[in-house]
Structures are given as structure tokens and as C-alpha cells.
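In my numbering, the protein residues as written are -8 to 286. Each remark here refers to the structure printed beneath this line.
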Amino acid sequence: MGWFFIALIGPAIWAMVNLIDDNMINKVYKTPFFGTIISGLFALIPLLSLFFIDIVIPPVKIILLATVAGFLMVCSYFFYFKTLMSESPSITIALWNMSIAIVPFLAFFFLGEKLRLIQYIGFAVVLLSSMALSAVNIKKFKLSKGFYLMAISSFIIAIVAIFEKYVYQKVDFWSGFIFLSLGMSLGGLFFMICFKEGRCFIQHFKSRFKKYIWIFMLSEMLNIIAVFASNFAVSKGPVSLVKVIEGVQSMYVLIFAILLYPLFPKYFREATHSHRLRKIFLMMVILLGLYLINI
């Protein structure tokens, strides 16, 4: 399977995670720290493979870059959860997509990555269509605190993407991914130990979160799979194109919400938004952009 199709897997899975997170942050977590900590600590799971799979120990510089990339990824999760407390999943994803516009410039200057003209056109088509699809309630949206939080998060994600690509250019995928997972785990521990709200995590987990353990496990296992797919695609293809393909997450969110809304109307507020004909049109435009990227 080529990098293009692998890159489509991550956003589909993240769309499911996003819909779960939307309900968890408002009904269970009550604070962005808990979601961030759980996401970080679940990154310990890939490290278990060290008992079965040998890895290459890369140079210290590569270890540091991979670890820092993982740590920064968890930091971006904090801003994501913080924004999700006040904005809908669609708006949150639209703001998250700001990172996509930054990546090509960073990739060009720091990695020397160049795309064909048709790919740049496809990039622009997917980016603009995805943001338009996400911006369901754009007339109601203001430059709120959530905007600035996600602006920070988007810049972090763009930096992480460049670090990831550089690491995978220097070392095999699994060795690089292990150190990225280590950085994510350290990020989870950082938010759990270094902040007052984070230090309450264990107490709250014992008293309130136990009954949601299966939801946590499902959501975070899906997240790890999505991170794995995203990183594998980055290791094989142009990072700029991989990241813009991830921008179609908004399309997946809408599709899943519409399909599941009749069964669970309380949990999928995205499906209640109007303008379905416009959304279908934008989905078709996104598919055109994806075609241009892959030809």
C-alpha cells in the first residue's frame, strides 16, 4: 500500500477519536489536562514492542529530535482539548488545519522538499475545501481564546511534522517511532506531575473514570493507530502532502456523525448542522484535490 492510501487512514481514525473526545471533554474530563495525560500515557504501548523487536539506536541528535517531537505532540493535544471545551469539533478541526498551510514552507526551507505544480494545486484545493467544510458555524465564530490556543497548537504540529520527516530520513521507521512514543509518554508524565490539575488525575481516575475505562481504551488505541499511520505515511511520502490529506478529517467527522446520529442523537451534534448540499459539494471538491495530489 502506497503512502497516499496510508495517509487517508489517520484522519479517518482521528475523526472517530474527535467525536469521542467531543463527548468526553464535556461530560467526563471537565479539564484538558486529563485528556492530554491519558493520550500521552497510552503512547507507552508501542514501547512494549521492545521486548520483541530490535531497533537501531540512532545518533543522539536523532533521539532528541524524535523525543522532542513526541513531547510537543502531547503539548498540542492540551491546546486541542482546551479548544474543544468551548468550540465544536468542526471549528476545532478547521483551526487545527492551520498547521497544514505552514508545513510546505517549513518543508521547503528545512528539508528541501519540492512538489510538482499539479500537487501544489491539489494541496490548495484540499486545504481550502477542508477548511470550508469544517467552518459550519463560521458566522458565529469569533476570534476567541480557542482561536489563539489552536494557532499555537497548529504551529507546534507543523514543527512536529518537520521533525518527524527529518528523523525518518535518517533512521528506519520503527526505531524513530519508538523514540517519538517515548517523547509522548514523557509529555503525559509532564502534564500529570508538573501541574496542580494534572496531579489530581490519579485520584479522579480511581473515583470517577473507572466506569469509562473501555471508552478510554478504545479512544486512545484508535489514536495510537492513527499516529502510527500518520508517521508511517510521513516516512514514505512528502510531508506536505501527507499533512494536507490529514485535513480531510472534517469530511470523515461529518460522514460518521450523519451515519451515527439516528442511533445516538445525543452524542453527535455535528449531524444537526445544516447546509448539507454545500457540504456534499465540498466533499466532491476535496476528492478532486486528492486526485490531483495522487496523479
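Don't be surprised by glycine CBs; every beta carbon is placed ideally from N, CA and C.
C-beta contact flag for residue i and residue j at 8 Å
i       : j      : result
Ala224  : Ala60  : no
Ile28   : Met183 : yes
Tyr243  : Pro2   : yes
Met141  : Thr83  : yes
Val65   : Val276 : no
Ile36   : Leu213 : no
Ser30   : Gly179 : yes
Ile153  : Phe101 : yes
Phe(-5) : Gly228 : yes
Ile143  : Ser90  : no
Pro23   : Phe96  : no
Ser241  : Ser121 : yes
Phe114  : Val235 : yes
Per-residue DSSP class, three states only, for residue i
i       : result
Ser77   : coil
Val162  : coil
Gly31   : helix
Lys105  : coil
Ile44   : coil
Pro49   : coil
Gly1    : helix
Asn128  : Note that Asn128 scores a pLDDT of 49, beneath 50, so its modelled location is shaky; the value from the coordinates is reported in the next line. Correct three-state label for Asn128: coil.
Gly61   : helix
Gly(-7) : coil
Asn9    : helix
Asn88   : coil
Thr22   : coil
Rounded separation between residue i and residue j - CA only
i      : j      : result
Ile169 : Arg269 : 42 Å
Ile11  : Leu63  : 22 Å
Val233 : Ile0   : 11 Å
Phe70  : Leu106 : 31 Å
Ile206 : Ala57  : 29 Å
Leu119 : Ser231 : 15 Å
Gly189 : Ala98  : 35 Å
Phe319 : Phe25  : Nothing about residue 319 can be reported from this structure: the residues present for the chain run from -8 to 286 only.
Phe42  : Leu173 : 15 Å
Asn88  : Ala123 : 11 Å
Gly371 : Gln194 : The question about residue 371 has no answer, for the chain in this structure spans -8 to 286.
Asn128 : Met76  : Only weak support is given to the placement of Asn128: the predicted model assigns it a pLDDT of 49, under 50, and the value that follows is read from those uncertain coordinates. Roughly 16 Å between the two C-alpha positions.
Ile94  : Ala34  : A quick correction: the sequence has Val, not Ile, at residue 94. One C-alpha to the other measures close to 24 Å.
Leu250 : Ser176 : 34 Å
Ser226 : Glu155 : 8 Å
Ala248 : Ile271 : 14 Å
Tyr203 : Leu283 : 42 Å
Opening and closing residue of the alpha helix (DSSP H) in which residue i lies
i      : result
Lys187 : 187 to 190
Glu237 : 230 to 237
Ala98  : Taken as a continuous stretch (DSSP letters only), Ala98 belongs to no alpha helix (DSSP H), as it is neither H nor E.
Ile206 : 204 to 227
Leu250 : 240 to 251
Reference residue i; option with closest CA among the options
i      : options                       : result
Tyr164 : Trp87, Ile54, Gly31           : Sequence check: residue 164 is Phe here, not Tyr. Closest option to Phe164, Cα to Cα, is Ile54.
Val47  : Ile246, Val162, Tyr282, Ser90 : Val162
Pro49  : Ser166, Ile216, Ser77         : Ser166
Lys300 : Ile148, Ser226, Tyr159        : Nothing can be reported for residue 300: it is not among the residues displayed for the chain, which extend from -8 to 286.
Leu38  : Ser90, Lys73, Leu171          : Leu171
Asn285 : Gln110, Ser40, Ala92          : Gln110
Check: residue i C-beta below 7 Å from any heavy atom of the ligand ATP
i      : result
Ala248 : No copy of the ligand ATP appears in this structure; indeed no ligand is present at all.
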